[in-house]
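Written below as structure tokens is the structure these notes are about.
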Amino acid sequence: MSLSQQSISIIETIIKTSLRNKIKKYSPESNNMPFHYRLLGKDRMALFSFIQSLNTTFGTSIYEPVAVALAKNTFSDAQSQFKPGNQISEEAQKVIQNIMNNLSTGNNTNKIDEIENIRAVCTKGKMYLIRTVNADLYTKDKDGTIFLFDLKTTKPNVSNFKDFKRTLLEWCAIILAKNPQASIKTMIAIPYNPYEPAPYQRWTMKGMLDLKEELVVAEEFWGLLGGNGAYEELLNCFEKVGIELRPEIDNYFNEFRNA
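Each residue of the sequence shown is one higher than the one before, counting from 719 in the working numbering.
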């Protein structure tokens, strides 16, 4: 077992609290759907609407706090919604734009080389203020290496990969502008593999992301945070909570049956 009983208890509490809060605040869509109601029942339609609503908040309400709880067992620090900073050097911007131009023409990406190229100019030229998104998850390991993760849906839009890549590079430049000697890794994290048991379709990101250095999926992501076996233990936590809360969930949606 890679997770302690204390960690399991914390994770289960996070899941329970998030789900109960979601149910408490949930208000079904008021759209009249007479054919659907008569075919499936209002309770099933309410549950379907609830699941759709839950999916939109799963990342911030469940994945992020669970990831922080896991990482605190392995890393020296872990935070969600981390603000990396807002300053980047003029020369680093040029390097990033050059990287993006090369990728657009079909050149291969090598994240390790890209980081070193940014490091070489991270404080050169004017310093500009830049607006960037927060990192969904920040961790620092015992050796001081900083990890910034951008959690994405299981099937991110291919057309957005260029924006994802630029964000990862800008995070590197921002961190290095503050500390040119920093060890930094910026990555896209995908919580589970929707294609299982087939492998995740990484080819959709090939050519834009360095798949070895910039992408972690399912077991890779949760295992990086919590150690080997963390993914399966995490699934067990969700299953246990689901069984425990099933009567509460059923009772809530039964109220819509005769509504």
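Virtual Cβ for every residue (Gly too), placed ideally from N, Cα, C.
Here the structure is a predicted model, which means the values were calculated and not measured.
Report the residue from the options whose alpha carbon sits nearest the alpha carbon of residue i.
i           : options               : result
residue 983 : 740, 739 and 803      : Since the first residue of the chain shown is 719 and the last is 977, residue 983 is not available in this structure.
residue 860 : 793, 737, 788 and 884 : 793
residue 971 : 953, 760 and 806      : 760
residue 846 : 756, 929, 826 and 810 : 810
residue 899 : 938, 925 and 837      : 837
residue 942 : 908, 954, 921 and 914 : 908
residue 871 : 853, 911 and 849      : 911
residue 818 : 882, 805 and 806      : 882
residue 874 : 965, 933 and 839      : 933
residue 775 : 844, 854 and 921      : 854
Which of the three DSSP states is assigned to residue i in this structure?
i           : result
residue 961 : helix
residue 731 : helix
residue 903 : strand
residue 845 : strand
residue 873 : coil
residue 885 : helix
residue 852 : coil
residue 972 : helix
residue 755 : helix
residue 749 : coil
residue 725 : helix
residue 720 : coil
Say the cut is 7 Å; is the CB of residue i nearer than that to a heavy atom of the ligand SAM?
i           : result
residue 850 : Summarising the ligand content, the structure contains no ligands, and the ligand SAM is consequently not present.
Give the DSSP bridge partners of residue i, in chain order.
i           : result
residue 868 : 906
residue 857 : 796 and 865
What is the rounded straight-line gap between the Cα of residue i and the Cα of residue j?
i           : j           : result
residue 869 : residue 785 : 10 Å
residue 754 : residue 948 : 40 Å
residue 829 : residue 895 : 18 Å
residue 956 : residue 768 : 17 Å
residue 902 : residue 758 : 51 Å
residue 940 : residue 721 : 11 Å
residue 866 : residue 935 : 15 Å
With a threshold of 8 Å between beta carbons, is residue i in contact with chain D?
i           : result
residue 915 : The structure shown has no chain D; it contains just one protein chain.
Fill in: Segments assigned alpha helix (DSSP H), at least 4 residues, entirely inside the stretch 912 to 966
The stretch 912 to 966 contains these whole alpha helix (DSSP H) runs: 929 to 932 and 937 to 944.
Worksheet item: Can you list the alpha helix (DSSP H) stretches of 4 or more residues lying completely in the stretch 763 to 847, in chain order?
Response: Within the stretch 763 to 847, the complete alpha helix (DSSP H) segments of 4 residues or longer fall at 782 to 789, 808 to 822 and 829 to 838, listed in chain order.
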